[in-house]
Amino acid sequence: MSQEKLSDKSIDSAINSLSFRSIGPAYMSGRIADIAIDSSNENIWYVAVGSGGLWKTTNAGTTWNCITEKQPFYSTGSVTLDPSNSQIVWLGTGENVGGRHVGIGHGIYYSSNGGKNWISKGLEKSEHISKVIVHPTNSDIIWVAAQGPLWSSGGERGLYKSIDGGKTWKQKILGLNEWTGVTDILIDPRNPNILYAASWQRHRNVAAYIGGGPGTAIYKSLDGGETWKKLKSGLPSGNVGKIGLAISPINPDVIYAAIELERRKGGIYRSENLGESWTKMSNTVSGGTGPHYYQELIPSPHVFDKIFLMNNYVLISEDGGKTFYQMNESQKHVDSHALVFKQD
């Protein structure tokens, strides 16, 4: 018996009535910072918890194990699987949000056997790792977005690149000030030499939080991250806060940016020419305790110009950021930071 393939809209319509339910890692797991699914076995997931280590399931969420209990950190911010070998796991420790409660990490960690054993790969002074990207065909090349300390200046901040599997690292975006790190990084799926990065200037002390500044910007590289230029056309200037970036998997010429401005204002910006110029699509900005707590943007791999903005309740746009509606999350706790699509 043959069955006609459902359209993307039909699939959306079919699942609209479904509600979220908690599947772990535990009854009260804490804040989820990142999720990675093994492309060779989609029952295997890795979940980075902002205040509770890295968790793994091999049965699509039925049972979970913490796989970093013996490591010298508890806060994790980014987990990435090597596209060439899904047994290789890269873990960025120290969640990257601006809240006073945020945990400090201990740099980059590496596992060659699916998280059974771990090796420290440096950048211990970064304290907060936002994202790790591995080259799609060369496992020795890794890029790391390091935000750096929240409560003090200095540390290891910026965009770091390794060409020897994490043995050594070189800082690649030069000229960032002592309070500015890199909060997001993208790679063009067609050409790994094309990269985008967002810097973020922020710091805290016991009396105040400064969540932006002139050090915040969007950068682009055409040579694998060796050199970078600041993107300006159509983008706001001045004291800019946290930026989240996304690249369309359907048309990678299209880049999206969620940008925080002063006084918790901001907007969604969109580029159709690989970031060379930008158009403001709307004034939408993540809320809750403030955009510094969210701003993650996730593009749909199925529907062009459909994007998901992480927020206390996830916001969804189907027109490239012009308009948004709220995801039905009545059965889950507010405060969404990560979303990932299974390939099927």
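Heads up, the sequence shown is in the working numbering, so the first residue is 73 and it goes up one at a time.
Think of the CB as a built atom: it goes at the ideal place given N, C-alpha and C, for glycine as much as any other residue.
Quiz item: Ordered along the chain, which non-local residues of its own chain (more than five positions away) have a Cβ less than 6 Å from that of ILE139?
Solution: Non-local C-beta neighbours of ILE139 in its own chain, meaning closer than 6 Å and more than five positions away in sequence, comprise LEU126, LYS128 and GLY187, ordered along the chain.
Exercise. Would you mind sorting VAL206 into buried or exposed? The rule is 16 or more other CB atoms within 10 Å of its CB.
Key: Answer is buried; the Cβ neighbour count reaches 16.
Self-check item: Closest by C-alpha distance to THR299, when choosing among ILE315, TRP117 and TYR268
Solution: Ranked by how close their Cα comes to the Cα of THR299, the residues ILE315, TRP117 and TYR268 have TYR268 in first place.
Quiz item: How many Å lie between ILE370 and VAL412 at the Cα?
Solution: If I take the Cα positions, the gap works out to 8 Å.
Quiz item: How about SER198 and GLU228: do their beta carbons lie closer than 7 Å?
Solution: In contact: SER198 and GLU228 (Cβ atoms closer than 7 Å).
Quiz item: Run through DSSP, which three-state label would PRO373 get?
Solution: Under the three-state reduction of DSSP, PRO373 is assigned to coil, being neither helix nor strand.
Quiz prompt | Through-space distance from SER211 to ALA329, alpha-carbon basis | solution = Distance from the CA of ALA329 to the CA of SER211, rounded to the nearest whole angstrom, comes to 28 Å.
Self-check item: the segment 304 to 315 in contact with the segment 343 to 360 per 3-pair CB rule at 8 Å
Solution: Yes: at least three Cβ pairs fall under 8 Å.
Exercise. Counting only the same chain and skipping the five closest in sequence on each side, list residues whose C-beta sits under 6 Å from that of ILE290.
Key: Result list for ILE290: ALA270 and LEU303, in chain order.
Quiz item: So LEU317 and LEU258 are in contact, right, with Cβ under 8 Å, and what is the actual spacing, rounded?
Solution: Confirmed, Cβ separation roughly 5 Å.
Quiz item: So, using beta-carbon positions, are ALA217 and SER234 closer together than 7 Å?
Solution: One thing to note: ALA217 has its Cβ no nearer than 7 Å to the Cβ of SER234.
Practice problem: Only counting runs of 3 or more residues, tell me where the beta strand (DSSP E) segments fall wholly within the segment 143 to 205, in order along the chain. | Solution: Within the segment 143 to 205, the runs of beta strand (DSSP E) that reach at least 3 residues and sit entirely inside it are, in chain order, 148 to 154, 157 to 165 and 180 to 183.
Quiz item: Given that a residue counts as buried once 16 or more other Cβ atoms are within 10 Å of its Cβ, and exposed if not, what is HIS178?
Solution: With 16 or more other Cβ atoms within 10 Å, it is buried.
Practice problem: For MET100, count neighbouring Cβ atoms within 10 angstroms of its own Cβ and tell me buried if that reaches 16, exposed if not. | Solution: Reliability fails at MET100, whose pLDDT of 48 lies under 50, so the model's placement of it is uncertain and no value is given.
Practice problem: Identify the continuous beta strand (DSSP E) that holds SER309 and give its terminal residues. | Solution: Where SER309 is concerned, there is no enclosing beta strand (DSSP E), because DSSP gives it neither an H nor an E.
Quiz item: Are the beta-carbon atoms belonging to ASN265 and GLY296 less than 7 Å from one another?
Solution: Closer than 7 Å, so yes.
Practice problem: Rank GLY194, LYS404, SER123 and TYR385 by C-alpha distance to the C-alpha of ILE176 and give the top, closest one. | Solution: Per the Cα distances, SER123.
Quiz item: Just to confirm, are LYS193 and GLY230 a CB contact at a threshold of 7 Å?
Solution: Not a contact, by the Cβ cut-off of 7 Å.
Practice problem: Could you work out which residue in HIS405, ASN384 and ALA410 is closest to GLN435 when comparing CA atoms only? | Solution: A query on residue 435 cannot be resolved here, the shown segment of the chain reaching from 73 to 416 and no further.
Exercise. Could you tell me which residues DSSP pairs with ARG276 in its beta bridges?
Key: Beta-bridge partners of ARG276 (DSSP): TYR281.
Exercise. Return the first residue and the last residue of the beta strand (DSSP E) that ASP132 is part of.
Key: Note that residue 132 corresponds to Ala in the displayed sequence, not to Asp. Looking at the DSSP string, ALA132 is not in any beta strand (DSSP E), and its letter there is neither H nor E.
Quiz item: By Cβ distance below 7 Å, which residues in the same chain neighbour GLY226 in space, the five residues on each side in sequence not counted?
Solution: Closer than 7 Å at Cβ, skipping near neighbours: GLU250.
Exercise. Compare the beta carbon distance of GLY170 and HIS409 with 7 Å and say whether it is the shorter of the two.
Key: For GLY170 and HIS409, no; Cβs fall outside 7 Å.
Quiz prompt | Member of GLN273, SER320, LYS301 and HIS173 whose CA lies at the smallest distance from the CA of VAL312 | solution = Checked all of GLN273, SER320, LYS301 and HIS173; the closest Cα to VAL312 is GLN273.
Quiz item: Which residue comes first and which comes last in the beta strand (DSSP E) that contains PHE396?
Solution: Segment: none, PHE396 is in no beta strand (DSSP E) and carries neither H nor E.
Practice problem: Report the three-state DSSP secondary structure of PRO221 (helix, strand or coil). | Solution: Note: PRO221 maps to coil in three-state DSSP.
Practice problem: Keeping to the same chain, check which residues put their C-beta closer than 7 Å to that of THR240; ignore five residues upstream and five downstream. | Solution: Exclusion of the five residues before and after THR240 leaves SER234 as the residues of its chain whose Cβ lies within less than 7 Å of its Cβ.
Quiz item: Are SER358 and LEU381 touching if we call contact CB-CB under 7 Å?
Solution: A contact, by the Cβ cut-off of 7 Å.
Quiz prompt | Distance between VAL151 and HIS374 (C-alpha atoms, nearest Å) | solution = Taking the straight line from one Cα to the other gives about 23 Å.
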